[in-house]
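Reading through the structure tokens given below for one structure.
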Amino acid sequence: MKPAQRNLRSAEWFEGEGLRAFSHNARMRQLGMNPEEHLGKPVIAILNTWSGINPCHMHLRERAKQVERGVWEAGGYPLEFPVSTLSETYQKPTPMLYRNMLSMETEEILRSYPVDGAVLMGGCDKTTPALLMGAASAGLPTVFVPAGPMLRGNWRGEKLASGTDMWRFWDEKRAGTISSADWAEIQSGLARSPGTCMTMGTASTMTAAAEALGLTLPGASSIPAVDSAHYRMAAASGTRVVEMVREGLTIGDVLSAEAYEDAIRTVLALGGSTNSYIHLIAMAGRSQIPLSLDDFDRLSREVPVLASVQPAGEHLMEDFYYAGGLRGLLSRLRDSLHLERITVTGRTFGEDLEGAEVHDSAVIRPVDDPISVEGGLAVLRGNLAPDGAVIKYVAADPSLWKHTGPAVVFHGYKDLQARINEPSLDVTKDSVIVLAGGGPKGGPGMPEYGMLPIPDKLLKEGVRDMVRVSDARMSGTSYGACVLHVAPEAHVGGPLALVRDGDLVTLDVEARVLRVEISDEEMARRKAAWTAPPPKFERGYGALYYEHITQANEGCDFEFLSRPGVNPEPNAH
Ligand code: FES
């Protein structure tokens, strides 16, 4: 433990006899605060991603009051800051385009205001990595408050999974096996409460990763959004961050290479979202900790999938919580974790896990009876993905783990939408559907197009999975033999841009291979004839994004945010 911090950062704004301090305190009076109510108290910024258009965070405005309560009780001074909301459902073309914007906003708010510590409130997919990336760069004492998953969905007594069952029933509707009336009823049952998607999608994966990193209070990520335990966790998080300020315990003390390795193990044992690869690489980059796809693949061969949560398993996050939650799952991974590292509690990770247990082994499986003996995610390489691609094979039909088939190629999502259901399309269940142009620059923003639709005519024949390859991402709630994140992407001249209809494409999960069966000479000929497409943006934030975004295997951060260098504290006097 570091010695207690003597000086508050906020004192630079409020203390002293100068004109600036006078002015700052005058304006605190304008805010209704007498000096004795805030002077000398740790100022805690509560960064809240609530908005009227984000149903996953609709409870966070109310929950921020609990955080404030905890801060006050510990002798701190809470200040709530509204920050950008990244609503996975509504923000187009994809919130991924704006992840780095929220991370910049987070860092700069913490840097430019009189703030001693931070509580970050979010959970809807990109929100978690965005907040944590910015906070890691800012380097203050920080606690993350996960929004929590929504309650189980329900349709006529059947559990419904947000996202996963929407895709599944959409296919059934297109195949004609459910009616329009059924479909309308399902719409009302998919999302029944505030909170994030209740499958092991990107939201639940990334909030669990935050907990495994040591950035939440123990058990926080599994608590359903509407459970009273969530209120108590929010208040306790406010209390704890004030203590962290006094102890001088910063986010930089928590985020170590060991913490990231444990986070990857956690994601793998959860059968988590492929998006976590991109986000964790970007987050580690902010900590100046090198992390590559090879680290994920190495660990994937060691870590069994233990969480039986959809889409890789059967249950939902509410069941996972009752079964012991993430602490229960981590108790089963204990022997492979770094138990000596510090977390935001000020204790070791091992101490945080004391007393954790599993109450339902059907939901959190024992190590000797896993869902899959290896982590369900694989990194593929080959002449089609020189810098890597990923597949969540545990959520795919095992008969497709090794497959060679003729490519049916689409260039861009509009082309896909226009032609995928043409009756004349030359496609069979053995074809490999390829989408080029869905990557970080080409998408733009690397949208979640990656669960490419199976043509209607094949659905009607009973086909429910096919090999699909793209440089896009896929929702963590999606499933199928979808190869994603192909790097480099087609838009910058990656090999995916050069594949033609009828080329044989090979996927081999065991051998970790993604290949197009053409010669190097033919590949070089096609590359020489390739012309770069025009830029997607010429002005605005999009141009900043387009000019600085890195590829999927590098985390899709802006290179100027991930590089080390001077970024001085502001002069508050
Ligand atoms: Fe917000 Fe899924 S839409 S977590």
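Heads up: the sequence shown at position 103 corresponds to 147 in the numbering used here, and the numbers run straight through without jumps. We treat Cβ as the ideally placed atom computed from N, Cα and C, and that holds for glycine.
Quiz prompt | Own chain partners of Asn-427 with C-beta closer than 7 Å, once the 5 adjacent residues on each side are dropped | solution = The beta carbon of Asn-427 sits closer than 7 Å to those of Pro-539, Arg-559, Val-560, Met-567, all from its chain and outside the five residues before and after it, given in chain order.
Exercise. Please list, following the chain, all residues that have a C-beta closer than 6 Å to any non-hydrogen atom of ligand 1.
Key: For ligand 1, residues qualifying as neighbours are Cys-100, Glu-132, Thr-133, Cys-168, Asp-169, Thr-240, Cys-241, Gly-245, Ala-247, where qualification means a beta carbon closer than 6 Å to at least one of its heavy atoms (chain order).
Self-check item: Cβ contact check for the region 521–537 and the region 474–488: 3 or more pairs under 8 Å
Solution: Contact check between the region 521–537 and the region 474–488: three or more CB pairs, one atom from each, fall below 8 Å, which counts as touching.
Quiz prompt | For Glu-395: DSSP bridge partner residues | solution = For Glu-395, which the question treats as bridged, DSSP gives no partner whatsoever.
Quiz item: So which of Thr-246, Pro-99, Ala-65 has the shortest CA-CA distance to Glu-492?
Solution: Comparing alpha-carbon positions, the option among Thr-246, Pro-99, Ala-65 lying closest to Glu-492 turns out to be Thr-246.
Quiz prompt | Of the listed residues Leu-397, Lys-501, Val-511, nearest to Gly-258 (C-alpha basis) | solution = Looking at the Cα atoms, Leu-397 is the closest of the given residues.
Self-check item: Sequence-distant residues of the same chain with beta carbon closer than 7 Å to Val-507, five excluded per side
Solution: If you ignore the 5 residues before and after Val-507, its C-beta comes within less than 7 Å of the C-beta of Lys-473, Ile-498, all in its own chain and listed in chain order.
Quiz item: Given Ala-219, which residues of its chain have a CB within under 7 Å of its CB, disregarding the five upstream and five downstream residues?
Solution: Within the same chain, Leu-503, Lys-504 come within 7 Å of Ala-219 by CB-CB distance, once the 5 residues on both sides are set aside.
Exercise. Flag this pair as yes or no: are the beta carbons of Gly-239 and Ala-205 separated by less than 8 Å?
Key: In this structure, Ala-205 does not lie closer than 8 Å to Gly-239 by Cβ.
Quiz item: Would a C-beta distance cut-off of 8 Å place Thr-318 and Lys-501 closer than the cut-off?
Solution: No Cβ-Cβ contact shorter than 8 Å links Thr-318 with Lys-501.
Self-check item: With 16 other Cβ atoms within 10 Å as the buried cut-off, status of Pro-47
Solution: Low confidence applies to Pro-47: its pLDDT is 40, below 50, so where it sits in the model is not reliable, and the reading given next is rough at best. Pro-47 should be labelled exposed.
Exercise. Return the chain-ordered ranges of every beta strand (DSSP E) run that is complete within the region 460–499 and spans a minimum of 3 residues.
Key: Considered as a whole, the region 460–499 harbours 476–480 as its complete beta strand (DSSP E) runs of no fewer than 3 residues, in chain order.
Quiz item: Ser-606: which of Thr-243, Ile-593, Ser-223, Ala-616 sits nearest, CA to CA?
Solution: Closest in C-alpha terms to Ser-606, from the list Thr-243, Ile-593, Ser-223, Ala-616, comes Ile-593.
Quiz item: Mapping DSSP to helix, strand and coil, what is Leu-548?
Solution: Of the three classes helix, strand and coil, the one that applies to Leu-548 here is strand, per DSSP.
Quiz item: What's the C-alpha gap between Glu-124 and Gly-586?
Solution: Taking the straight line joining both Cα atoms gives about 28 Å.
Quiz item: Are Arg-655 and Thr-150 touching if we call contact CB-CB under 8 Å?
Solution: What is shown of the chain runs 45 to 617, which leaves residue 655 out entirely.
Practice problem: Go ahead and label Arg-53 buried or exposed: buried means 16 or more other beta carbons lie within 10 angstroms of its beta carbon, across all protein chains shown. | Solution: Taking every protein chain shown into account, the CB of Arg-53 has 16 or more other CB atoms within 10 angstroms, so this residue is buried.
Quiz item: Assuming Thr-93 and Pro-185 make a contact with CB atoms under 8 Å, what is their CB distance in whole Å?
Solution: No, Thr-93 and Pro-185 are not in contact; Cβ-Cβ is about 20 Å, not under 8 Å.
Self-check item: C-alpha gap between Pro-612 and Ser-156, whole angstroms
Solution: Roughly 10 Å between the two C-alpha positions.
Quiz item: Just the Cα atoms here: how many angstroms apart are Ala-516 and Gly-489?
Solution: If you take the alpha carbons of Ala-516 and Gly-489, they lie about 9 Å apart.
Quiz item: So who's on the other strand from Phe-188, going by DSSP bridges?
Solution: Looking at the DSSP output, Phe-188 shares a beta bridge with Leu-164.
Quiz item: DSSP beta-bridge partners for Asn-611?
Solution: Bridge partners of Asn-611 according to DSSP: none are assigned.
Quiz item: Counting only runs that start and end within the region 378–429, where is the alpha helix (DSSP H) found for 4 or more residues in a row?
Solution: Scanning the region 378–429 for uninterrupted alpha helix (DSSP H) segments of 4 residues or longer gives 393–396, listed from N- to C-terminal end.
Self-check item: Per-residue DSSP class, three states only, for Arg-517
Solution: Correct three-state label for Arg-517: coil.
Quiz item: Of the residues Leu-195, Ile-153, Val-111, which one's Cα is nearest the Cα of Gly-178?
Solution: When the alpha-carbon of Gly-178 is set against those of Leu-195, Ile-153, Val-111, the nearest one is in Ile-153.
Quiz item: Between Glu-112 and Ile-97, which are expected to be in contact by the criterion C-beta below 8 Å, what is the C-beta distance as a whole number of angstroms?
Solution: That belief does not hold up - the Cβ atoms of Glu-112 and Ile-97 are roughly 24 Å apart, past 8 Å.
Quiz item: Below 8 Å between beta carbons: does that hold for Gly-114 and Gly-282?
Solution: Result yes, Cβ atoms of Gly-114 and Gly-282 sit closer than 8 Å.
Quiz item: Would you call the CB atoms of Ala-525 and Ala-429 closer than 8 Å?
Solution: No. Outside cutoff.
Quiz item: At which residues does the beta strand (DSSP E) containing Trp-199 begin and terminate?
Solution: Per DSSP, Trp-199 belongs to the beta strand (DSSP E) from 197–199.
Practice problem: Write down every uninterrupted run of the alpha helix (DSSP H) in the region 117–144 whose length is 4 residues or greater and which is fully enclosed by it, in chain order. | Solution: Counting whole runs of 4 or more residues, the region 117–144 contains no alpha helix (DSSP H) stretch at all.
Quiz item: How long is the line joining the alpha carbons of His-68 and Tyr-589, rounded to whole angstroms?
Solution: Looking at the two C-alpha atoms, the distance is approximately 35 Å.
Quiz prompt | Touching by the beta-carbon criterion (3+ pairs, under 8 Å), the region 188–204 and the region 219–232 | solution = Two segments are said to touch when three or more pairs of C-beta atoms, one from each, lie closer than 8 Å; by this definition the region 188–204 touches the region 219–232.
Practice problem: Identify every run of the alpha helix (DSSP H) within the region 55–92, keeping only runs that are complete inside it and at least 4 residues long; order them along the chain. | Solution: Runs of the alpha helix (DSSP H) inside the region 55–92: 55–58, 63–74, 79–82.
Quiz item: Is the region 407–425 touching the region 348–363, taking contact as three or more C-beta pairs under 8 Å?
Solution: Yes, the region 407–425 is in contact with the region 348–363.
Exercise. Ignore the nearest five residues each way along the sequence and tell me which others in Arg-105's own chain have a CB closer than 6 Å to its CB.
Key: Around Arg-105: Trp-94.
Quiz item: Going by alpha carbons, who is nearest to Leu-130 out of Leu-469, Leu-146, Ala-572?
Solution: Nearest of Leu-469, Leu-146, Ala-572 to Leu-130, Cα basis: Leu-146.
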